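A.B. asks: Start counting at 1 in the sequence shown, then tack on 104, and there's your number in our numbering.
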Amino acid sequence: SSVRELDLDAVARIDPNEMRYEWFEHVLKAAERPAILSGTINYELAGANEWRHEPSLAALASRLERFYLAAATDGAPHRLVEGPAAPMSLTETLDLRDRTDASWRPTQELVLSQAEPRAGTLFVTEPFDEPIDLAGRLRGELDFTINKYDVDLVVTLYELRSQGEYVKLFDPPFTFRASYARDRVNRRLLMAGVRQQLPFQSDRMVGRRLSAGSRLVLALAINNRADQQINYGAGDDVSEESIEDAGNPIRIRWHEGSFIEIPSAAPSPNDGTALNRRQ
Numbered sequence: 105s106s107v108r109e110l111d112l113d114a115v116a117r118i119d120p121n122e123m124r125y126e127w128f129e130h131v132l133k134a135a136e137r138p139a140i141l142s143g144t145i146n147y148e149l150a151g152a153n154e155w156r157h158e159p160s161l162a163a164l165a166s167r168l169e170r171f172y173l174a175a176a177t178d179g180a181p182h183r184l185v186e187g188p189a190a191p192m193s194l195t196e197t198l199d200l201r202d203r204t205d206a207s208w209r210p211t212q213e214l215v216l217s218q219a220e221p222r223a224g225t226l227f228v229t230e231p232f233d234e235p236i237d238l239a240g241r242l243r244g245e246l247d248f249t250i251n252k253y254d255v256d257l258v259v260t261l262y263e264l265r266s267q268g269e270y271v272k273l274f275d276p277p278f279t280f281r282a283s284y285a286r287d288r289v290n291r292r293l294l295m296a297g298v299r300q301q302l303p304f305q306s307d308r309m310v311g312r313r314l315s316a317g318s319r320l321v322l323a324l325a326i327n328n329r330a331d332q333q334i335n336y337g338a339g340d341d342v343s344e345e346s347i348e349d350a351g352n353p354i355r356i357r358w359h360e361g362s363f364i365e366i367p368s369a370a371p372s373p374n375d376g377t378a379l380n381r382r383q
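Here is the structure:
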């Protein structure tokens with residue numbers, strides 16, 4: 105069976121009703137926990153056909169792989185590289201006054217023949233030599249200069265298979281407001297025209313085994329979906345902003361200090377998965 109064009113592993117097809125009764129036995133009669141809920145964090149590693157269990161989200165983040173954003177200068181795809189990239193200034197511009205695409209909606213399929221055109225600027229790793237297990241929350245730090253006081257950003261992760269298919273690693277994409285990235289309660293506006301760094305961390309976790317020969321793809325975009333609140337970057341209460349506050353187009357220059365960190369799950373015994381790339 106499949107969900108939105110993505111094949112399901114056999115162990116992912118569980119009986120929630122039976123599990124519910126087992127959980128009641130555990131809570132009310134001190135029976136053993138259901139095996140599938142033996143940890144605090146329980147997840148099915150998609151593509152590996154197995155359930156894994158951890159004591160906390162922090163335990164999942166004990167193995168991190170860092171990739172820096174690197175701009176291509178020869179027309180090739182932009183890269184995700186292991187070491188700090190060479191100095192770069194990759195500019196992205198978006199005019200929020202242009203609403204000609206207001207009817208656009210993202211595709212619902214999880215497996216695509218190409219990255220969605222509106223997904224944003226793409227950054228791609230080298231192919232992996234062996235299967236790798238990604239499990240945990242995406243995090244990173246953006247190094248950039250912007251001409252506004254705020255912006256809503258969209259981060260999408262794909263597995264680019266060797267056959268050319270793009271598999272979404274979480275859906276919907278991770279969307280966040282820059283002024284609340286550091287603190288969900290207290291707003292902290294950006295500094296217009298000043299190079300700055302912004303740490304971020306996704307709300308949801310990834311849990312998938314990437315096949316040998318696959319690449320990891322990061323898409324980074326400015327959010328301007330018509331069915332979501334538009335942040336025009338004026339620095340006011342976004343709920344009170346209107347298209348009249350858009351002013352000049354948003355212009356972001358991404359710098360070489362930008363990176364993402366991907367939790368890499370420890371291989372199962374005798375599994376042999378490793379985080380190696382082809383040279």
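Ideal placement from N, C-alpha and C gives every residue a C-beta, glycine not left out.
Note that the structure is predicted; figures quoted are calculated from it, not measured.
Can you tell which of I356, L264, D340, S343 has its C-alpha closest to the C-alpha of G317?
C.D. replies: L264
A.B. asks: Just to confirm before moving on: does the CB-CB distance between N251 and A296 stay below 8 Å?
C.D. replies: yes
A.B. asks: Among residues of its own chain, excluding the 5 on either side of R201, which ones have a beta-carbon nearer than 7 Å to its beta-carbon?
C.D. replies: I347, A350
A.B. asks: Applying the 10 Å Cβ sphere with the 16-neighbour rule, what's the burial state of G268?
C.D. replies: exposed
A.B. asks: Who pairs with P367 in a beta bridge, going by DSSP?
C.D. replies: Beta-bridge analysis with DSSP links P367 to L168.
A.B. asks: Assuming N335 contacts D247 under a Cβ cut-off of 8 Å, what Cβ separation, rounded to an integer in Å, is found between them?
C.D. replies: Not really, about 20 Å apart at Cβ, beyond 8 Å.
A.B. asks: Whether or not the segment 283-293 and the segment 176-196 are in contact is what I'm after, with contact meaning three or more pairs of Cβ atoms, one per stretch, closer than 8 Å; do they touch?
C.D. replies: no
A.B. asks: So within the segment 179-212, which uninterrupted beta strand (DSSP E) runs reach at least 3 residues, ignoring any that extend past its ends?
C.D. replies: 182-185, 193-198
A.B. asks: Taking buried to mean at least 16 other C-beta atoms within 10 Å of its own C-beta, is L322 buried or exposed?
C.D. replies: buried
A.B. asks: Do D275 and L214 count as a contact pair if the criterion is CB distance below 8 Å?
C.D. replies: In this structure, D275 lies closer than 8 Å to L214 by Cβ.
A.B. asks: For Y270, collect the residues of the same chain with a Cβ closer than 8 Å to its Cβ; drop the 5 residues on either side in sequence, then sort them by chain order.
C.D. replies: V215, L216, S217, Q218, A219, Y262, E263, L264, V321
A.B. asks: Cα-Cα, which of A282, D307, R308, R313 is closest to Q301?
C.D. replies: Cα-wise, what sits closest to Q301 is A282.
A.B. asks: Kindly identify the DSSP beta-bridge partner or partners of L149.
C.D. replies: E154
A.B. asks: Kindly identify the DSSP beta-bridge partner or partners of P303.
C.D. replies: E245
A.B. asks: Counting along the chain, where does the alpha helix (DSSP H) carrying E126 start and finish?
C.D. replies: 120-133
A.B. asks: Can you check whether the CB of I145 is closer than 8 Å to the CB of S160?
C.D. replies: yes
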